[in-house]
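To convert, count from 1 in the sequence shown and add 1; that's this note's numbering.
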Amino acid sequence: MSVPFLPFNRPDVSDEEIDEVVAALRSGWTTSGPRAQKLEQQVREYTGAKNALAVNSCTAALHLALAALDIGPGDEVITTPLTFCATVNTILHVGGTPVLVDIGADFNIDPEHIAAAITPRTKAIVPVHMAGLPCDLDAIHALARQHGLAVIEDAAHAIGSSYKGVPIGAGPSDAVAFSFYATKNVSTGEGGMVTSPSLDLHNRMRTLCLHGISRDAWRRYTAEGSWFYDVVASGFKYNLSDIAAASGIHQLRAVDARNARRAEIAQRFDAAFADLDTLELPPRRDDSLHSWHLYILRLNLDRLTIDRGEFYDEMRKREIGCGVHFIPVFLHSYYRETLQLRDNCDKTRAEYPRILSLPLYPSLTDDEIERVIGAVREIATTCRRTHAVGVQAQ
Ligand SMILES: *Cc1c(COP(=O)(O)O)cnc(C)c1O
């Protein structure tokens with residue numbers, strides 16, 4: 002008897018969200034307007050951020066922040082290799098030099114490795130809250146203050162996370178970039194948000210977000226507007242449509258409940274795998290709230306007869322989709338050929354072959370959770386080495 006395929010990800014869409022999208026379409030205003038403004042207000046209220054700008058991706062948010070901070074040719078930006086390529090591409094888009102430094106035990110950029118990579122040319126740090134687990138922001142901000150560096154958080158995974166009681170988005174970083182991409186904890190299909198404590202930086206990002214035009218279209222074409230506008234910079238086209246924002250309004254309202262369900266599933270996975278010496282559970286922090294965007298299992302390869310690729314294939318044979326987050330940036334051919342590594346990133350290299358992301362999303366049913374658990378346990382048990390690989394003499 003065959004079972005239906007369980008995808009790695011499945012979007013959550015409520016009836017309220019569908020109705021809001023239809024209402025946006027019927028309203029006569031589909032580009033950035035009242036719904037994008039409402040979503041910005043909701044993000045300010047939800048995170049406690051002073052300013053929020055709705056954009057059409059997290060990539061756009063990162064690019065805007067780097068551009069508005071005047072980071073450009075000759076400037077070095079320190080970030081993690083264990084991320085999606087967008088983190089590094091946006092640094093290249095402004096002409097900056099990405100400097101990749103290794104991760105720590107929490108899978109996030111390691112502040113000690115940041116400190117070792119700082120030079121007089123360093124202008125910014127772009128930490129990524131991997132899987133939704135907050136970075137050690139206190140240590141990162143201490144380095145930033147000491148060396149006069151900007152901090153732009155890649156919070157693509159981290160809507161709903163908080164660090165020592167402070168929601169991600171509300172802290173002292175210059176800018177925090179969220180993703181509302183289809184698979185993220187809040188989705189508008191494509192979309193994002195960038196928050197900032199600085200009204201000045203926010204205003205610069207808002208101008209650059211829409212061609213460098215000094216007033217946005219909403220104000221130009223409504224009764225209160227006038228015909229005049231000025232282009233004050235060569236900006237980009239990164240604004241979020243009201244159709245997308247309509248989704249976001251209801252997605253954001255649901256995020257706490259959905260993240261709580263993610264945390265519950267992560268807890269069940271942890272409990273189900275804790276006794277297996279062939280697996281290692283994802284890192285946690287006692288002082289912070291995890292959004293559980295991803296559940297990244299680590300395989301103890303020296304105790305298994307199969308590698309990660311074969312483990313993935315075994316899951317596929319059981320009709321379960323998994324993922325790998327991420328292929329380290331420096332292993333992709335473009336960066337291999339163009340980026341010089343200052344840090345060998347030994348831990349990232351060691352972790353990459355053994356990471357596997359399991360399906361983790363609120364709409365997983367209890368039966369589906371049991372299916373994932375059953376498959377992982379079966380593979381991890383039947384493919385366990387009966388004799389441990391001998392430790393080689395040094
Ligand atoms: C998804 C993702 C991005 C890019 O988000 P978009 O909204 O698709 O541009 C950036 N960084 C990380 C870590 C991501 O996972």
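From the three backbone atoms N, C-alpha and C, an ideal C-beta is built for every residue, glycine too.
Since the structure is predicted, the reported quantities are computational estimates derived from the model, not experimental observations.
Are the CB atoms of P173 and S289 within a distance shorter than 7 Å?
Numbered from its first residue, the sequence shown carries residue 289 at position 288. Numbered from its first residue, the sequence shown carries residue 173 at position 172. It is not a contact, given that the beta carbons lie outside the stated cut-off.
F327 versus T279: straight-line alpha-carbon distance, rounded:
On the sequence shown, residue 327 is found 326 positions in, with the first residue counted as 1. On the sequence shown, residue 279 is found 278 positions in, with the first residue counted as 1. Between F327 and T279, the C-alpha separation is close to 21 Å.
Per DSSP, what kind of secondary structure is D155 in: helix, strand or coil?
If you number the sequence shown from 1, residue 155 lands on position 154. In this structure, D155 counts as strand in the three-state DSSP scheme.
Please return the same chain residues whose Cβ sits closer than 7 Å to the Cβ of S334, not counting the five positions on each side in sequence.
The residue you call residue 334 lines up with position 333 of the sequence shown. Excluding sequence neighbours, S334 sits near nothing in its chain.
E46 (DSSP reduced to helix, strand or coil)
As a first step, residue 46 must be located in the sequence shown, where it is residue number 45. In this structure, E46 counts as helix in the three-state DSSP scheme.
T84: CB within 6 Å of a non-hydrogen atom of ligand 1
Your numbering for residue 84 matches position 83 in the sequence shown. For ligand 1, at least one heavy atom lies less than 6 Å from the Cβ of T84.
Tell me the rounded alpha-carbon separation between A394 and L282.
Residue 394 sits at position 393 when you count from the first residue of the sequence shown. Residue 282 sits at position 281 when you count from the first residue of the sequence shown. The predicted model places A394 with a pLDDT of 44, which falls under 50 and marks its position as unreliable; any figure quoted below should be read in that light. Going from the Cα of A394 to the Cα of L282 covers about 28 Å.
Should V56 go down as buried or exposed, given a rule of 16 or more other Cβ atoms within 10 Å for buried?
One-based indexing of the sequence shown puts residue 56 at position 55. It counts as buried.
Along the chain, where does the beta strand (DSSP E) containing I380 start, and where does it finish?
Reading the sequence shown from its first residue, position 379 is the one you call residue 380. I380 -> not in any beta strand (DSSP E); alpha helix (DSSP H) instead, spanning 367-383.
Name the DSSP beta bridge partners of L359, please?
On the sequence shown, position 358 is the one that residue 359 refers to. Beta-bridge pairing links L359 to Y296.
Is there contact here, the segment 72-84 with the segment 226-234, by at least three beta-carbon pairs under 8 Å?
no
If you follow the beta strand (DSSP E) that A402 is part of, which residue opens it and which one closes it?
Residue numbering for the chain in the displayed model covers 2 to 395; residue 402 lies beyond these limits and cannot be assessed.
Check each candidate in Y313, I250, L63 and name the one with the smallest Cα separation from V195.
As a position in the sequence shown, residue 195 is number 194, starting the count at 1. Nearest of Y313, I250, L63 to V195, Cα basis: L63.
Alpha carbon to alpha carbon, what distance is there between A351 and I72?
The count along the sequence shown starts at 1 and reaches residue 72 at position 71. The count along the sequence shown starts at 1 and reaches residue 351 at position 350. Their Cα atoms are separated by approximately 32 Å.
I'd like to know whether the C-beta atoms of V330 and P82 end up nearer to each other than 7 Å.
Here the question's residue 330 lines up with position 329 in the sequence shown. Here the question's residue 82 lines up with position 81 in the sequence shown. Yes. Within cutoff.
Less than 6 Å between the CB of V129 and some heavy atom of ligand 1, yes or no?
In the sequence shown, counting from the first residue as 1, residue 129 sits at position 128. The answer is yes for V129.
Cβ contact check for the segment 33-42 and the segment 245-256: 3 or more pairs under 8 Å
yes
Which residue from G322, H251, R309, L40 puts its Cα closest to that of D16?
Position 15 of the sequence shown, counted from the start, is the residue given in the question as residue 16. Nearest of G322, H251, R309, L40 to D16, Cα basis: H251.
If you measure between the beta carbons of E41 and A53, is that distance less than 7 Å?
The residue you call residue 41 lines up with position 40 of the sequence shown. The residue you call residue 53 lines up with position 52 of the sequence shown. At a Cβ-Cβ threshold of 7 Å, E41 and A53 count as neighbours.
When the Cα atoms are used, what is the spatial distance from L340 to T123?
If you number the sequence shown from 1, residue 340 lands on position 339. If you number the sequence shown from 1, residue 123 lands on position 122. Their backbone Cα atoms lie some 16 Å apart in a straight line.
Quick check on A140: does DSSP put it in helix, strand or coil?
Counting from 1 along the sequence shown, the entry for residue 140 is found at position 139. In the structure shown, A140 sits in a helix (DSSP, three-state: H, G or I).
Going by DSSP in three states, N345 sits in which element: helix, strand or coil?
Residue numbering aside, residue 345 sits at position 344 when the sequence shown is read from its first letter. In the structure shown, N345 sits in coil (DSSP, three-state: anything other than H, G, I, E or B).
Beta-carbon separation of A156 and I297 under 7 Å?
On the sequence shown, residue 156 is found 155 positions in, with the first residue counted as 1. On the sequence shown, residue 297 is found 296 positions in, with the first residue counted as 1. No, Cβ-Cβ distance for A156 and I297 is not below 7 Å.
Which value, in whole angstroms, describes the spacing of the CA atoms of A255 and H291?
Stepping through the sequence shown from its first residue, residue 255 is reached at position 254. Stepping through the sequence shown from its first residue, residue 291 is reached at position 290. So the two alpha carbons sit approximately 16 Å from each other.
Shorter than 6 Å, the distance from the beta carbon of T60 to the closest heavy atom of ligand 1, or not?
Residue 60 sits at position 59 when you count from the first residue of the sequence shown. At least one heavy atom of ligand 1 is nearer than 6 Å to the Cβ of T60, so yes.
Contact under 7 Å by Cβ, I153 with A66:
Start at 1 with the first residue of the sequence shown, and residue 153 comes out as number 152. Start at 1 with the first residue of the sequence shown, and residue 66 comes out as number 65. Yes, the pair counts as a contact, with Cβ atoms nearer than the cut-off.
Helix or strand or just coil, what does DSSP make of P5?
The sequence position of residue 5 within the sequence shown is 4, counting from 1. Correct three-state label for P5: coil.
Express the C-alpha separation of T60 and R207 in angstroms, rounding to a whole number.
In the sequence shown, counting from the first residue as 1, residue 207 sits at position 206. In the sequence shown, counting from the first residue as 1, residue 60 sits at position 59. One C-alpha to the other measures close to 15 Å.
Distance check for A376 and T382, CA to CA, integer angstroms please.
For this step, residue 382 is matched to residue 381 along the sequence shown. For this step, residue 376 is matched to residue 375 along the sequence shown. Near 10 Å, if we compare the C-alpha coordinates of A376 and T382.
Could you give the first and the last residue of the continuous beta strand (DSSP E) run that contains V195?
Here residue 195 is taken as the residue at index 194 of the sequence shown, counted from 1. It spans 193-197 - the beta strand (DSSP E) in which V195 sits, taken as one unbroken run.
CA-CA distance, V102 and A151?
Locating residue 102 in the sequence shown gives position 101, where the first residue counts as 1. Locating residue 151 in the sequence shown gives position 150, where the first residue counts as 1. When rounded, the distance between both Cα atoms is 17 Å.
Backbone CA spacing between Y182 and L200 [nearest angstrom]:
To locate residue 182, count along the sequence shown from 1; it is residue 181. To locate residue 200, count along the sequence shown from 1; it is residue 199. Using only the alpha carbons, I get a separation of about 26 Å.
Per DSSP, the bridge partner or partners of T80
Start at 1 with the first residue of the sequence shown, and residue 80 comes out as number 79. Bridge partners of T80: L101, V127.
Distance between beta carbons of S162 and H130, contact taken as under 8 Å:
Looking up residue 130 in the sequence shown gives position 129. Looking up residue 162 in the sequence shown gives position 161. At roughly 6 Å, the Cβ-Cβ gap stays under 8 Å, so H130 and S162 are in contact.
Buried versus exposed call for T387 [16 or more other C-beta atoms within 10 Å across all chains shown]
Your numbering for residue 387 matches position 386 in the sequence shown. Counting Cβ neighbours within 10 Å, T387 comes out exposed, since fewer than 16 surround it.
On the DSSP bridge assignment, give the partners of K318 in chain order.
Against the sequence shown, residue 318 aligns to sequence position 317. Note: K318 sits in no beta bridge, so no partner.
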